[in-house]
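Since the structure comes first, as structure tokens, the remarks are kept for the end.
Protein chains: 2
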Amino acid sequence: MKVKTVIYEDNDQLRDSLELLLSDSSGFEVAGTFNNCMNCIKQMDSLLPQLVIMDIDMPGMSGLEGVKQIKTLYPGIRIIVYTVFDDDQRIFDCICNGADGYLLKTISPLKLVESLKEVMDGGTPMSPFVAKKVFQYFRDKTTINADFQLSRREIELLEYLVKGYSYKMIAASCFISLDTVKKHLQNIYRKLHVCCGTEAVAMALKHKIVKLD
Amino acid sequence: MKVKTVIYEDNDQLRDSLELLLSDSSGFEVAGTFNNCMNCIKQMDSLLPQLVIMDIDMPGMSGLEGVKQIKTLYPGIRIIVYTVFDDDQRIFDCICNGADGYLLKTISPLKLVESLKEVMDGGTPMSPFVAKKVFQYFRDKTTINADFQLSRREIELLEYLVKGYSYKMIAASCFISLDTVKKHLQNIYRKLHVCCGTEAVAMALKHKIVKLD
DNA sequence: TAAAAAATAACCCTATCGGGTAATTGTTTC
DNA sequence: GAAACAATTACCCGATAGGGTTATTTTTTA
């Protein structure tokens, strides 16, 4: 049983090359090729493919929007983004909108076919450069950039503040006086270099001093 | 020039197999093999490898800790995590601590050697299952879970609040009266189901209504 | 064009916030 | 054992936050 595939690619030559490549490759059957994805939902309705190869930069509607629409209505259809763009924004947008793989056009035809097979096996193929960006993203996002030298007690009070507790509620929860709460918060604001509670909450969450569930 | 490699793996049989596999493979040279990574830094100091293959579950010190220590002192050494564990926590911890690849032990010897070559070419090899988890993580993390029906203006004011602006400062920045600011924030608090500014900031950041840089 | 929603503004009022100053008790750390 | 630090409490005081009520204008939507 061959994999029913639809190709979205606005470059005529490349689109024909892709069709030829897949027709030659045992395992794939090209059900349709289009130079834009403005009617992608209608095309999905009528062609019911198992796999979509999607370019990003196309006239009318971007491939990103196409991925979003198709995945919303047909979450089972596998979508491989195939593009020249390697910037963080587009990569992460496509992933978040449901792409099952992200391949740069620098990939060899052999690797491309391998990747298409991989995605039909439930895998998530991506170009090495994309994989690197994804790993880097995790490292950047989880690195705690600052040590504000807050004491254990101060962090505890800060957690209550993030939860939206008033000074009075914090005092009751910690079994300490209101004045002590004020003193602690005052020290916390000084250490965080902020001047009010709202800013302290933003700072605490930004630097992951306290976590949200 | 062969790639100088060190192997950390507490299963004696597997460790020997790995050494044999890499010795057979043109391109790699095993500089040392160990059944724990308690002295990994000293071993790095003396062996100065280009590549480390790291198991996670080892006696004494976990491979995760090993990755962290080695990457802190020798960021240039490539580290491939090679393990049976496929849970989110361990995968993401290893990535965040600097692993350059994450391979499950279900991988074939051929693919393993390919992946080691890939990482030395600057790539980031990972098992298909790991790639899937990573993509899924992005989708989960960026999905906005709630629609609070805030107007454009309300979101604008909320952004100022997150920055730590006082009501008065917001009024000045938006060129509106203090009373209008109060009214807007009152509506915002009602829509977010919170009762004060600090809680609103936490809610706004939690649900990504506003972003931090 | 009518209705609904968003944005604007004013007034009143009280609880809370948050800074300053000063002092007492335990705990670490050197 | 002295010194430094963390945690605690108290008092004073002014600015701010935030709720209630009412009303006008502008923009959006049906």
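Sequences listed follow chains A and B, in order. Every letter in the first sequence is one number past the one before it in the numbering used here, and letter 1, counting from 1, is 1. Start counting at 1 in the second sequence, then tack on 1000, and there's your number in the numbering used here. Heads up, the beta-carbon is just placed ideally off N, CA and C, and yes, glycines get one too.
- Secondary structure note for residue 182 of chain A: its alpha helix (DSSP H) is the uninterrupted segment 178-192.
- Beta-bridge annotation (DSSP): residue 1080 of chain B is paired with B:1053, B:1101.
- Residue contact check for residue 1124 of chain B against chain A: a CB pair falls below 8 Å.
- Taking residue 1101 of chain B as reference, the option from B:1080, B:1071, B:1149 with the minimal CA-CA separation is B:1080.
- Remark: three or more beta-carbon pairs, one from each stretch, lie closer than 8 Å, so the segment 21-37 of chain A and the segment 106-115 of chain A are flagged as touching.
- Within the same chain, and ignoring the five residues on either side of residue 181 of chain A in sequence, the residues whose Cβ sits closer than 6 Å to its Cβ are 167, 170, 171.
- The beta carbons of residue 1162 of chain B and residue 1204 of chain B sit closer together than 8 Å.
- Among the residues of chain A, none has a CB under 9 Å from the CB of residue 1072 of chain B; the nearest is roughly 12 Å distant.
- The Cβ atoms of residue 1116 of chain B and residue 1051 of chain B sit closer than 8 Å to each other.
- Residue 1152 of chain B and residue 1197 of chain B have their C-alpha atoms spaced approximately 18 Å apart.
- Within its own chain, the residues whose Cβ lies closer than 7 Å to the Cβ of residue 2 of chain A, once the five positions on either side in sequence are excluded, are 27, 28, 29, listed in chain order.
- Rounded to whole angstroms, residue 1041 of chain B and residue 1060 of chain B show a C-alpha spacing of 14 Å.
- A straight-line Cα-Cα distance of about 11 Å links residue 1141 of chain B and residue 95 of chain A.
- The beta carbon of residue 1031 of chain B lies closer than 6 Å to those of 1004, 1006, 1047, 1049 in the same chain, with the five residues before and after it left out.
- Taking each of B:1185, B:1195, B:1134 in turn and checking the Cα distance to residue 1088 of chain B, the smallest one comes out for B:1134.
- According to DSSP, residue 1126 of chain B shares a beta bridge with B:1102.
- As DSSP reads the structure, residue 5 of chain A sits in a beta bridge with A:30, A:51.
- Inter-residue distance for residue 194 of chain A and residue 186 of chain A is about 10 Å (C-alpha atoms, whole angstroms).
- Within 7 Å of the CB of residue 1138 of chain B, the CB atoms of chain A belong to 92, 95, 96, in sequence order along the chain.
- Interface annotation for the segment 1024-1047 of chain B against chain A: empty, criterion Cβ-Cβ distance under 8 Å.
- Of B:1012, B:1212, B:1211, B:1018, the smallest CA-CA separation from residue 1113 of chain B is found for B:1018.
- Counted as a single uninterrupted DSSP element, the alpha helix (DSSP H) harbouring residue 1068 of chain B occupies residues 1063-1073.
- Residue 1212 of chain B sits in coil when the DSSP states are folded into three classes, being neither helix nor strand.
- The Cβ neighbour count for residue 164 of chain A, taken over all protein chains shown within 10 Å, is at least 16; the residue is labelled buried.
- A residue is called buried when at least 16 other Cβ atoms come within 10 angstroms of its Cβ; residue 1211 of chain B does not meet this threshold and is exposed.
- In terms of beta-carbon proximity, residue 75 of chain A stays away from the interface with chain B, with every pair separated by 8 Å or more.
- If you draw a straight line from the Cα of residue 121 of chain A to the Cα of residue 1139 of chain B, it is about 20 Å long.
- In summary, the residues of the segment 1156-1167 of chain B whose CB is separated from some CB of chain A by less than 9 Å are 1161, 1162, 1163, 1164, 1165, 1166, in the order they occur in the chain.
- Closer than 7 Å at the C-beta level to chain A, one finds these residues of the segment 1181-1199 of chain B: 1194, 1195, 1196, 1197, 1198, 1199.
- It is roughly 27 Å from the alpha-carbon of residue 1137 of chain B to the alpha-carbon of residue 1158 of chain B.
- Between residue 36 of chain A and residue 64 of chain A, the C-beta spacing is not below 8 Å.
- In the structure shown, residue 1059 of chain B falls within a coil segment according to DSSP collapsed to helix, strand and coil.
- In the three-state reduction of the DSSP assignment, residue 1111 of chain B falls in the helix class, which pools H, G and I.
- Rounded to whole angstroms, residue 1200 of chain B and residue 70 of chain A show a C-alpha spacing of 35 Å.
- At a cut-off of 8 Å between C-beta atoms, residue 135 of chain A counts as an interface residue with respect to chain B.
- Residue 56 of chain A places its beta carbon 8 Å or farther from that of residue 34 of chain A.
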